[in-house]
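When you line the first sequence up against our numbering, it's residues 84 to 634, in that order.
The beta-carbon is built from N, C-alpha and C at its ideal position, and this holds for glycine as well.
Beneath this line is the structure, given in structure tokens, with notes to follow.
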Amino acid sequence: MTDIEKPTNFIQQVISADLDAGRVDSVVTRFPPEPNGYLHIGHAKSICLNFGLAQQFGGVCNLRFDDTNPEKEDDEYVQAIIEDVRWLGFDWAGEPKFASDYFGQLYSWAQHLIHEGKAYICELNAEQMREYRGTLTEVGKNSPYRERPVEESLELLEQMKVGAVDEGTMTLRAKIDMQSPNINMRDPVMYRIKKMAHHRTGDTWNIYPSYDFAHGQEDAIEGVTHSVCTLEFAANRPLYEWFTNNLPLPSTPHQYEFGRLNLNYTVTSKRKLKQLVDENHVDGWDDPRMPTISGLRRRGVTSAAVREFCDSLAVAKTDGIVDLAQFEHFIRDDLNETARRAMCVLNPLKITLSNYVKGKEELLSAAGHPNRDDLPARQLPFGREIYIDHSDFSEDTSLSRKKFKRLVIGDYVRLRGAYVIRADQVIRDSHDQIVEIIGSYVPDTVGENPPEGIRPRGVIHWVSATNSVDCDLYLYENLFTEAAPDAGEGSFIDHLNPQSLKIVKNCKAELGLGDAVVGQQYQFEREGYYCLDGKHSSAEKLVFNRTINLR
RNA sequence: UGGGGCGUCGCCAAGUGGUUAAGGCACCGGGUUUUGAUCCCGGCAUCGGAGGUUCGAAUCCUCCCGCCCCAGCCA
84 MTDIEKPTNF IQQVISADLD AGRVDSVVTR FPPEPNGYLH IGHAKSICLN FGLAQQFGGV
144 CNLRFDDTNP EKEDDEYVQA IIEDVRWLGF DWAGEPKFAS DYFGQLYSWA QHLIHEGKAY
204 ICELNAEQMR EYRGTLTEVG KNSPYRERPV EESLELLEQM KVGAVDEGTM TLRAKIDMQS
264 PNINMRDPVM YRIKKMAHHR TGDTWNIYPS YDFAHGQEDA IEGVTHSVCT LEFAANRPLY
324 EWFTNNLPLP STPHQYEFGR LNLNYTVTSK RKLKQLVDEN HVDGWDDPRM PTISGLRRRG
384 VTSAAVREFC DSLAVAKTDG IVDLAQFEHF IRDDLNETAR RAMCVLNPLK ITLSNYVKGK
444 EELLSAAGHP NRDDLPARQL PFGREIYIDH SDFSEDTSLS RKKFKRLVIG DYVRLRGAYV
504 IRADQVIRDS HDQIVEIIGS YVPDTVGENP PEGIRPRGVI HWVSATNSVD CDLYLYENLF
564 TEAAPDAGEG SFIDHLNPQS LKIVKNCKAE LGLGDAVVGQ QYQFEREGYY CLDGKHSSAE
624 KLVFNRTINL R
């Protein structure tokens with residue numbers, strides 16, 4: 084890929100040291116999403132990191148669903164996440180794993196802690212628990228149930244489990260330290276009652292383990308050596324270690340935190356993305372304006388571009404905001420290399436070449452890519468009537484050649500892959516609008532320089548007026564007008580860009596685009612990168628999404 | 001405010017006492033070009049602040065300033 088050596092990040096350094104010192108034999112990582120929403124670009128960074136680490140060190144990476152809270156979880160998300168991780172190009176060891184597969188084991192570990200006098204059933208309600216917890220500056224105080232006999236807690240936990248206890252009236256808590264300066268250590272909840280069906284375990288359970296009581300143990304069960312998560316979990320690490328140190332686990336995983344990805348002009352929080360979907364500000368989770376993996380895919384962004392972008396990001400403990408331009412750079416970089424070239428006129432203006440034989444049509448051949456001969460050449464029908472874009476014509480003959488490299492009355496321009504032509508006359512309708520240009524072509528200029536004295540101003544794209552396909556183009560802009568949509572007063576919704584979608588109808592595309600397929604990227608020369616939209620396209624109507632414009 | 005974490009070019013970031021302080025993005029010049037694209041050349045920081053240690057500090061020490069995270073029976 085790159086001949087410049089990429090510096091190693093702090094996690095790679097830790098792993099190397101662990102390997103060298105013999106603390107671990109082989110590396111095991113995991114990507115642990117909760118199936119309560121769709122994956123987004125921020126997750127992509129974590130996916131590339133975790134799977135990448137495993138690849139680099141010859142280890143494995145698990146895909147594990149952290150489904151400890153049935154409230155917002157659903158199998159729909161499980162399936163979507165599996166599809167997205169695959170699309171990104173990664174594969175996991177064995178079947179996907181689920182926290183819910185370990186509910187039984189977790190339960191007996193909870194009993195173990197009670198036996199050891201390190202956990203107890205607490206009957207404080209949510210509000211009381213908050214009061215007892217203390218604040219950032221004041222220590223908490225012990226729950227009156229803290230010294231409850233072991234047997235009683237054991238029995239109560241069983242009652243909670245079978246559904247004999249009302250929600251919100253009891254919890255299982257770890258007995259740690261209500262005086263701890265780290266609030267997470269003030270007797271955190273291990274189990275809470277939720278009489279709710281789980282998308283995988285059905286109504287087997289009436290209690291569900293909390294993130295803190297589950298995560299490290301899940302890691303230990305799977306033999307995860309390096310449990311990589313984002314910065315906001317740093318304060319949970321002492322708790323993670325408390326559980327791994329106080330339980331008879333099959334292995335001892337360690338947690339490391341890195342800074343999550345933030346992109347300007349973008350929101351990446353499942354809650355906010357869900358709101359955009361639920362309130363119909365976008366066309367679903369896979370709306371091409373969404374920063375979701377499925378949205379990027381539908382937009383035409385390649386998985387290679389996402390991977391390259393993620394690999395370009397530093398894995399560090401700083402929480403910066405990456406410029407969207409950096410992502411766009413990698414999108415263009417990949418697309419420039421891989422996208423097939425084609426021509427499409429967005430705002431058609433007809434040109435009749437008066438010296439071209441009426442009824443004649445020839446087939447010109449154009450390269451599929453300027454510097455790749457492995458992509459098939461295109462056949463472009465050429466005739467007396469063609470379309471160019473309105474913006475590529477001007478009547479203003481005073482425009483300098485340097486400033487306007489397009490068609491001007493009385494001057495020449497090169498039609499890309501075809502002839503050099505000249506504009507001779509403008510035809511207007513009754514409203515004084517330009518409707519057609521009468522021009523002429525210079526014979527023998529296909530692939531050849533024009534005769535002495537004829538200097539085309541530039542090269543413009545075109546399409547046959549009689550032999551082309553119609554299509555609609557969906558042009559996307561940033562979803563938000565503010566670089567930091569969630570900053571400041573008000574809701575991020577207030578900063579939605581009303582111009583984020585512009586639909587251009589009845590564009591004229593070169594004939595071959597009639598065979599465009601979903602998943603194939605194109606560069607409409609001089610316009611941008613486009614791909615067929617799987618949702619809006621049909622046999623009668625071609626719809627292309629603009630992935631991104633050219634620079 | 002208690003605890004945890006972080007401050008190097010407009011943005012991301014390498015740097016682990018001796019470097020002319022990498023690189024990418026963005027931006028600005030110039031060249032090539034049948035895409036005003038790509039490509040190619042060139043330009044673009046003294047390291048949050050103040051002291052100190054040292055022959056020598058972005059790197060070590062002290063104090064100060066700023067930003068982020070934690071007070072869900074969310075993850």
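{"Item": "Around the C-beta of R484, are 16 or more other C-beta atoms found within 10 angstroms, so that it is buried, or is it exposed?", "Value": "exposed"}
{"Item": "If you draw a straight line from the alpha carbon of K624 to that of K433, how long is it in whole angstroms?", "Value": "22 Å"}
{"Item": "In whole angstroms, give me the CA-to-CA distance for Y190 and E324.", "Value": "18 Å"}
{"Item": "By DSSP, does E447 sit in helix, in strand, or in coil?", "Value": "The sequence shown places Leu at residue 447, not Glu. In the structure shown, L447 sits in a strand (DSSP, three-state: E or B)."}
{"Item": "Given a cut-off of 8 Å on the beta-carbon distance, is the pair L322 and D295 in contact?", "Value": "yes"}
{"Item": "Keeping to the same chain, check which residues put their C-beta closer than 6 Å to that of E156; ignore five residues upstream and five downstream.", "Value": "P118, N119, D150 and H282"}
{"Item": "Would you say R382 and N628 are within 8 Å of each other, going by their C-beta atoms?", "Value": "yes"}
{"Item": "For V552, which residues from the same chain have a beta carbon less than 7 Å from its beta carbon, with the 5 sequence-adjacent residues on both sides left out?", "Value": "A592, L594, L596, G597 and L625"}
{"Item": "Rounded to a whole number of angstroms, what is the C-alpha to C-alpha distance between G403 and W192?", "Value": "39 Å"}
{"Item": "Count the other CB atoms, across all protein chains shown, that sit within 10 Å of the CB of Q162; report buried if there are 16 or more and exposed otherwise.", "Value": "exposed"}
{"Item": "For V245, which residues from the same chain have a beta carbon less than 7 Å from its beta carbon, with the 5 sequence-adjacent residues on both sides left out?", "Value": "N289"}
{"Item": "Quick check: Q604 and T564, are their CB atoms within less than 8 Å of each other?", "Value": "no"}
{"Item": "State the DSSP-derived secondary structure class of T85, mapped to helix, strand or coil.", "Value": "Reliability fails at T85, whose pLDDT of 36 lies under 50, so the model's placement of it is uncertain and no value is given."}
{"Item": "Which residue from F410, Y274, G306 and Y559 puts its Cα closest to that of V107?", "Value": "G306"}
{"Item": "How should D286 be labelled, buried or exposed, when 16 other C-beta atoms within 10 angstroms of its C-beta is the threshold for buried?", "Value": "exposed"}
{"Item": "Given this structure, state the Cα-to-Cα distance separating P431 from D472, to the nearest angstrom.", "Value": "5 Å"}
{"Item": "Quick check on this structure: which residue in N92, I124, A422 and C393 has the alpha carbon closest to the alpha carbon of G602?", "Value": "A422"}
{"Item": "Using CA atoms only, rank isn't needed, just tell me which of G466, G541, L314 and S395 is closest to P526.", "Value": "G466"}
{"Item": "Residue ranges of each alpha helix (DSSP H) run of no fewer than 4 residues wholly in the region 222 to 290, ordered along the chain?", "Value": "233 to 245"}
{"Item": "What's the call for I376, buried or exposed, on a 16-neighbour Cβ count within 10 Å?", "Value": "buried"}
{"Item": "In angstroms with no decimal places, state the Cα-to-Cα distance between L436 and L429.", "Value": "20 Å"}
{"Item": "Using the DSSP secondary-structure output, state which residues sit across from A202 in a beta bridge.", "Value": "A257"}
{"Item": "How many Å lie between R169 and C144 at the Cα?", "Value": "13 Å"}
{"Item": "Would you kindly work out how many angstroms separate the C-alpha atoms of S621 and V389, rounded to a whole number?", "Value": "28 Å"}
{"Item": "Indicate, with yes or no, if the ligand SAM has a heavy atom lying under 7 Å from the CB of R372.", "Value": "Because no ligand of any kind appears in the structure shown, any question about the ligand SAM cannot be addressed here."}
{"Item": "Output the distance between the C-alpha atoms of D494 and E445, rounded to the nearest integer angstrom.", "Value": "24 Å"}
{"Item": "In the DSSP assignment, find the unbroken beta strand (DSSP E) run with K433 in it and report its ends.", "Value": "P431 to L436"}
{"Item": "Using 10 angstroms around the beta-carbon of E420, count the other beta-carbons present and answer buried if the total reaches 16, otherwise exposed.", "Value": "exposed"}
{"Item": "Spell out the partners DSSP gives G563 in its beta bridges.", "Value": "In the sequence as presented, Gly is not what sits at residue 563; that position holds Phe. F563 is bridged to L579."}
{"Item": "Would you kindly check if the distance between the Cβ of E468 and the Cβ of H544 is under 8 Å?", "Value": "no"}
{"Item": "Between the C-alpha atoms of S263 and E315, what's the straight-line distance to the nearest angstrom?", "Value": "19 Å"}
{"Item": "My output table needs one value for I471: the three-state DSSP class, helix, strand or coil.", "Value": "strand"}
{"Item": "To test your reading of the DSSP string, which unbroken alpha helix (DSSP H) runs of 4 or more residues are found completely within the region 384 to 434?", "Value": "386 to 395 and 407 to 421"}
{"Item": "If you draw a straight line from the alpha carbon of C590 to that of C427, how long is it in whole angstroms?", "Value": "7 Å"}
{"Item": "Is the separation between the beta-carbon of N347 and that of A567 shorter than 8 Å?", "Value": "yes"}
{"Item": "Looking only at its chain, what residues have a beta carbon closer than 6 Å to the beta carbon of M279, apart from the 5 residues adjacent to it on each side?", "Value": "P153"}
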